[in-house]
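So the sequence lines, in the order shown, correspond to chains A and B.
The first sequence begins at 1 in the numbering used here and counts up one residue at a time.
The second sequence begins at 1 in the numbering used here and counts up one residue at a time.
Presented below is the structure to which this report refers.
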Amino acid sequence: MADNSIQALVLKRLASGLVTLLIVSLLVFVGTEILPGDVAQAVLGQQATPEAVQAIRDQLGLERPAAVRYLEWLADFALGDLGTSLVSGREISEMIGQRLSNTFFLAAVAAVIAIPLSVGLGLLAALYEGRPTDKGISILTLIFVSLPDFLLGYILLLLGAVVLGWFPALSKLSDSMTFWQQLNAVALPCLTLALVTSSHTMRLTRAAVLSVMHQPYVEMAALKGASRKRIILRHALPNALSPILNIVMLTLAFLVVGVVVVEAVFNYAGMGRLMIDAVSKRDMPLVQACGLIFASVYVLLNLTADILSLLTNPRRRRPK
Amino acid sequence: MIKRRDFLKSSAATAGLIGLSAALPARAAANKGGHLVIGTTGGSAGDTLDPTKLTSVGHGVMGYTLGNCLTEIEEGGELVGELAESWESSEDAVTWKFELRKGVTFHNGQAMTSADVIHSINLHRGEDSTSGAKGLLSNIADIAADGDHAIVVTMNAGNADVPYLMADYHLLIVPAGTENFAAGIFTGPYMLKEFVPGERLSATRNPNYWKSDRAHVESVDVLFVDDTTARISGLITGEIHIAGRVDPQSAALIDGAPGVHTENHPAAGHRPLLMACDRAPFDNLDLRLAVKYALDRPQILENVMAGFGSLGNDHPIPPSDPFHAADIPQRAYDPDKAAHHLKKSGFEGALELHTSNTTFSGAEAMAALFQQSAAAAGLKVDIKREPADGFWSNVWMQKPFVSGAWGGRPTADIMLTTAYSSEASWNDTMWRRADFDQKLALARAETNFDTRKAHYHDLQLMIHEDGGAGIPFFVNNVDGVRDEVKGFYPAGSFELSGMRVAERTWLES
């Protein structure tokens with residue numbers, strides 16, 4: 001019975017995820033349609049005579065109704081055909097492949113640092129609520145959350161690459177590098193991302209744990225004589241897990257889709273730079289593909305968070 | 001971000017005498033070996049090695065790392081033979097014969113012949129061509145082989161600059177029949193090892209390279225680093241040896257840092273205020289002169305470009321060009337004269353100046369300075385900031401008063417033909433004079449240098465006195481270079497030693 005309801009819930013979530021993706025795809029398409037200028041003007045730039053613009057538009061079929069083009073694009077996308085770039089004529093899947101794996105690598109390394117660090121710090125801060133440890137952690141993370149990511153990136157670049165010379169200023173990966181060399185290459189962007197994201201995660205972890213701490217059953221545990229550490233780890237944490245999982249998943253999503261600026265600072269060849277490139281050239285199929293991939297990552301991670309919180313929190317499985 | 005339009009407007013170098021000798025200035029003996037890393041701009045994930053698709057400086061650097069043209073622009077704008085050993089023209093400069101260098105092989109071992117050269121040039125010609133060099137070659141009537149080691153180029157009309165056209169970075173010589181350029185087969189100093197579009201090109205020295213005094217390092221990486229700060233950080237940390245296109249604000253910082261310096265050299269690009277001469281209010285010469293006298297050129301050069309440039313004199317031929325008319329007096333900021341011409345023009349009200357930093361990053365600052373200096377002459381200017389999107393389609397050549405930007409052109413003729421002849425599609429001042437067109441055609445076909453220079457002098461004077469462009473300055477090319485890099489010298493109007501740094505520089509051990 002319980003299994004059935006989990007399955008039903010998961011299916012429901014999956015369906016709503018699909019609907020979300022569909023809406024996002026429509027928004028991405030409409031968004032790229034209403035951008036001023038088109039690929040013909042962007043490619044031709046200063047040479048955009050009306051005839052040349054028309055020639056490119058005809059060649060690319062830009063004159064057909066938007067609805068038709070949207071449905072075609074969506075159908076192809078669903079079948080795994082991302083189309084070809086308007087600017088270079090290359091397969092988009094081929095252009096995206098390496099960039100996407102670079103982005104995932106950066107996100108994964110940053111997550112491995114950021115998530116244990118920030119959840120741990122959040123628990124530590126909750127454990128010592130109101131004490132110097134808590135205040136110290138709070139102030140430090142507040143500083144990092146207040147700094148814009150590009151500034152933090154430049155500061156780390158100045159320290160780590162220019163002054164100390166420990167890490168490269170330009171993060172470039174190649175297949176011939178060993179894993180350690182790759183780690184070294186992405187050290188600075190990873191650190192930047194880890195510091196920027198861990199503040200959010202740490203503060204939200206702390207808040208989630210503390211909000212549970214004010215529940216009657218926690219008071220009961222304290223009256224039983226349990227230590228604060230035991231209360232947090234055994235009583236509060238399991239109940240705070242579902243908001244924390246949500247935060248962690250959002251952080252992961254941010255690490256994949258929110259790294260545009262950091263990629264630019266360290267000249268990292270990831271999805272963010274690819275998308276900026278595509279927008280500035282009005283290479284719409286590429287923009288749409290990037291947009292939908294980003295959206296899918298978000299939806300999938302949110303779905304995972306939902307499902308995990310259902311699994312960890314039996315109460316959420318019961319309809320109210 | 002790629003500024004394709006910036007780039008398309010530029011081409012090879014400043015004009016000079018057609019030199020038939022390949023004599024080069026004496027230089028210290030080059031150190032051999034090492035790995036050179038060049039950080040450049042204008043890369044994108046859609047890049048290819050197809051010569052017809054090269055659009056940015058970074059693409060040009062890649063091209064010259066792998067390939068050669070028929071001719072090459074050397075220091076001081078001197079033209080020397082590259083894959084062409086020598087050339088000669090008929091009296092009227094209509095028919096040109098290029099003798100090709102013998103014994104040159106492509107990276108795949110195949111010998112280069114006239115068939116390869118003809119194929120390579122024809123890639124850029126014809127109705128369907130989308131090459132950036134299509135316009136340059138539009139007046140070629142025919143190209144034919146004269147045996148295995150010579151070609152004959154026939155023009156529609158006399159053109160003394162044909163050998164200069166052949167130095168354009170698009171006109172790299174590839175084996176006949178090449179359609180897929182992924183293998184990167186050329187005749188140049190380095191051979192393709194790996195190409196990741198928008199990221200980097202890696203190449204190793206061509207052991208059979210036909211130039212004995214070039215290609216000093218063992219391997220080269222051309223990195224695309226479009227973010228200026230990242231490019232300069234890489235230069236300072238030593239990950240990049242040569243960083244192209246340093247902005248004026250960063251140049252002073254580089255000169256102050258240890259182990260690095262800037263290479264700062266005059267170039268031909270300029271940033272005019274464009275007045276449309278065919279309509280009100282600028283169909284009135286006095287109003288045009290009022291604007292020209294109201295430009296405080298030294299102030300603009302100092303504040304907008306941090307002094308990295310040279311003063312302009314309201315015509316597009318820079319002081320570094322051999323045909324530059326040095327005797328035309330420099331027009332200075334003169335509020336009294338501006339006020340005088342303004343009064344004489346009878347214009348009342350405010351001029352609306354349409355501007356956008358998409359033309360160049362200081363365009364809006366320059367407009368603001370002009371607004372101030374014009375106010376002192378009683379000329380009221382309203383600045384209208386336009387969105388970057390569609391600026392070149394909806395504002396440039398549409399509104400009567402706009403900020404513009406021109407990159408350098410390889411020769412005076414190409415500059416004047418592209419922007420000032422009556423029929424030019426980029427005549428962005430709408431200035432049309434039959435006597436100018438006639439003299440321009442005369443100058444183009446003239447093979448005597450002194451006579452030609454006299455013609456160009458008159459053409460510059462016409463634009464200076466009557467034209468619709470207020471040209472306050474010419475830009476400089478500024479590159480960041482590490483001190484261990486030797487052999488860097490400016491050549492032509494492009495940065496990075498005319499984009500040929502890969503084969504010209506070496507690393508001191």
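No residue lacks a Cβ here, since even glycine has one placed at the ideal position from N, Cα and C.
Compute the Euclidean distance between the alpha carbons of Y154 (chain A) and F144 (chain A), then round it to the nearest angstrom.
One-based indexing of the first sequence puts residue 154 (chain A) at position 154. One-based indexing of the first sequence puts residue 144 (chain A) at position 144. Their Cα atoms are separated by approximately 13 Å.
Per the DSSP calculation, L273 (chain B) is bridged to which residue(s)?
To locate residue 273 (chain B), count along the second sequence from 1; it is residue 273. B:S403 and B:G470.
Classify N448 (chain B) as buried or exposed, calling it buried when 16 or more other Cβ atoms lie within 10 Å of its own Cβ.
Sequence index remark: in the second sequence, residue 448 (chain B) carries index 448 (1-based). Result: exposed.
Against G165 (chain A), what residues of chain B qualify as contacts under a CB-to-CB distance less than 8 Å, listed in chain order?
Residue numbering aside, residue 165 (chain A) sits at position 165 when the first sequence is read from its first letter. Those are T237, listed as they occur along chain B.
Leaving out the 5 sequence neighbours to the left and right, which residues in its chain are closer than 8 Å to D574 (chain B) when beta-carbon positions are compared?
Nothing can be reported for residue 574 (chain B): it is not among the residues displayed for chain B, which extend from 1 to 509.
Let me check understanding here. Comparing Cα to Cα, which of B:S120, B:D336, B:D314 and B:A182 lies closest to V174 (chain B)?
Here the question's residue 174 (chain B) lines up with position 174 in the second sequence. The shortest C-alpha separation from V174 (chain B) is found at B:S120.
Whole angstroms is fine: what's the gap from T417 (chain B)'s alpha carbon to L461 (chain B)'s?
Numbered from 1 along the second sequence, position 417 holds the residue referred to as residue 417 (chain B). Numbered from 1 along the second sequence, position 461 holds the residue referred to as residue 461 (chain B). Straight-line Cα distance between these residues: approximately 15 Å.
On the three-state DSSP scale, how would you describe T113 (chain B)?
Within the second sequence, the letter at position 113 stands for residue 113 (chain B). It is coil, neither helix nor strand.
Within 10 angstroms of its Cβ, does L18 (chain A) collect 16 or more other Cβ (buried), or is it exposed?
Taking the first sequence and counting its residues from 1, one reaches residue 18 (chain A) at position 18. Counting Cβ neighbours within 10 Å, L18 (chain A) comes out exposed, since fewer than 16 surround it.
Spell out whether any CB of chain A is found under 8 Å from the CB atom of V475 (chain B).
Numbered from its first residue, the second sequence carries residue 475 (chain B) at position 475. Closer than 8 Å: no.
What is the residue span of the alpha helix (DSSP H) that T358 (chain B) lies within?
Reading the second sequence from its first residue, position 358 is the one you call residue 358 (chain B). Note, T358 (chain B): premise wrong, no alpha helix (DSSP H); not H, not E.
Where does V163 (chain A) fall in DSSP's three states?
Residue 163 (chain A) sits at position 163 when you count from the first residue of the first sequence. Three-state DSSP puts V163 (chain A) in a helix.
With a cut-off of 8 Å, do at least 3 Cβ pairs link the stretch 129 to 139 of chain B to the stretch 95 to 108 of chain B?
Segments in contact, no.
Counting only the same chain and skipping the five closest in sequence on each side, list residues whose C-beta sits under 6 Å from that of R125 (chain B).
For this step, residue 125 (chain B) is matched to residue 125 along the second sequence. So the qualifying residues of the chain are L137.
Is there a Cβ of chain A sitting closer than 8 Å to that of G234 (chain B), yes or no?
Along the second sequence, one-based indexing puts residue 234 (chain B) at 234. Cβ-Cβ to chain A under 8 Å: yes for G234 (chain B).
Which residue comes first and which comes last in the beta strand (DSSP E) that contains W431 (chain B)?
Along the second sequence, read from residue 1 onward, the residue named residue 431 (chain B) stands at position 431. Taken as a continuous stretch (DSSP letters only), W431 (chain B) belongs to no beta strand (DSSP E), as it is neither H nor E.
Should G503 (chain B) and A203 (chain B) be called a contact, given that it needs their Cβ atoms to be closer than 8 Å?
Taking the first residue of the second sequence as position 1, residue 503 (chain B) is located at position 503. Taking the first residue of the second sequence as position 1, residue 203 (chain B) is located at position 203. Note on residue identity: the sequence assigns Glu, not Gly, to residue 503 (chain B). Not in contact: E503 (chain B) and A203 (chain B) (Cβ atoms no closer than 8 Å).
Do the CB positions of P387 (chain B) and S356 (chain B) come within less than 8 Å of each other?
Counted from its first residue, the second sequence places residue 387 (chain B) at position 387. Counted from its first residue, the second sequence places residue 356 (chain B) at position 356. A contact, by the Cβ cut-off of 8 Å.
Span of the alpha helix (DSSP H) holding W96 (chain B)?
Within the second sequence, the letter at position 96 stands for residue 96 (chain B). First-last for W96 (chain B): T95 to L100, but that is the beta strand (DSSP E), not the alpha helix (DSSP H).
Check the DSSP bridge columns for H35 (chain B) and list the partner residues they point to.
Locating residue 35 (chain B) in the second sequence gives position 35, where the first residue counts as 1. DSSP, once it has assigned bridges, lists B:S219 as partnering H35 (chain B).
Among residues of its own chain, excluding the 5 on either side of G442 (chain B), which ones have a beta-carbon nearer than 7 Å to its beta-carbon?
Taking the second sequence and counting its residues from 1, one reaches residue 442 (chain B) at position 442. The residue you asked about is not Gly; residue 442 (chain B) is Leu in the sequence shown. Same-chain partners within the cutoff: H455.
With a CB to CB cut of under 6 Å and the five nearest residues on each side skipped, what residues in its chain are close to A176 (chain B)?
Counting from one through the second sequence, the residue named residue 176 (chain B) turns up at place 176. Closer than 6 Å at Cβ, skipping near neighbours: A115, D116 and H119.
Nearest to G83 (chain A) by alpha carbon, out of A:D306, A:L303 and A:A289?
Here residue 83 (chain A) refers to the residue found at position 83 of the first sequence. Comparing Cα positions, the closest option is A:A289.
When you compare the CB of A111 (chain B) with every CB in chain A, is at least one pair closer than 8 Å?
Here the question's residue 111 (chain B) lines up with position 111 in the second sequence. Answer no: the Cβ-Cβ gap between A111 (chain B) and chain A never drops below 8 Å.
Does any residue of chain A bring its CB to less than 8 Å from the CB of S44 (chain B)?
In the second sequence, counting from the first residue as 1, residue 44 (chain B) sits at position 44. At least one chain A Cβ lies under 8 Å of S44 (chain B).
Could you say which of A:M275, A:A161 and A:K224 lies nearest to T103 (chain A) if we only look at CA atoms?
Numbered from 1 along the first sequence, position 103 holds the residue referred to as residue 103 (chain A). When only C-alpha atoms are compared, the closest one is A:M275.
Do you know how far the Cα of G120 (chain A) is from the Cα of E63 (chain A)?
Walking along the first sequence from the start, residue 63 (chain A) turns up at place 63. Walking along the first sequence from the start, residue 120 (chain A) turns up at place 120. The alpha-carbon atoms of E63 (chain A) and G120 (chain A) are separated by roughly 56 Å.
Can you tell me where the beta strand (DSSP E) holding F282 (chain B) begins and where it ends?
Locating residue 282 (chain B) in the second sequence gives position 282, where the first residue counts as 1. Note, F282 (chain B): premise wrong, no beta strand (DSSP E); not H, not E.
Select from the stretch 197 to 220 of chain B all residues with a C-beta closer than 8 Å to any C-beta belonging to chain A, and list them in chain order.
Residues passing the 8 Å Cβ filter: P197, G198, E199 and R200.
Tell whether a beta-carbon distance below 8 Å holds between Y164 (chain B) and L54 (chain B).
Your numbering for residue 164 (chain B) matches position 164 in the second sequence. Your numbering for residue 54 (chain B) matches position 54 in the second sequence. Contact flag unset, no.
I need the DSSP call for H59 (chain B), collapsed to helix, strand or coil.
Walking along the second sequence from the start, residue 59 (chain B) turns up at place 59. Helix, per DSSP.
Between which two residues does the alpha helix (DSSP H) holding D336 (chain B) run?
Mapped onto the second sequence, residue 336 (chain B) falls at position 336. First-last of the alpha helix (DSSP H) with D336 (chain B): P335 to S345.
Give the residues of chain A in contact with V225 (chain B), contact being defined as C-beta atoms less than 7 Å apart.
By one-based count along the second sequence, residue 225 (chain B) stands at place 225. Chain A residues near V225 (chain B): L170 and N267.
Output the distance between the C-alpha atoms of W335 (chain A) and G238 (chain B), rounded to the nearest integer angstrom.
Here chain A covers residues 1 to 320 and nothing more, so residue 335 (chain A) does not appear.
Below 9 Å between beta carbons is the criterion; list the residues of the stretch 45 to 58 of chain B that meet it against any residue of chain A, in chain order.
Per Cβ criterion, the list reads A45, G46, D47, T48 and K53.
Enumerated in chain order, which unbroken segments of the alpha helix (DSSP H) with a length of 4 residues or greater are wholly contained in the stretch 239 to 302 of chain A?
List check, alpha helix (DSSP H) in window: 260 to 265 and 271 to 280.
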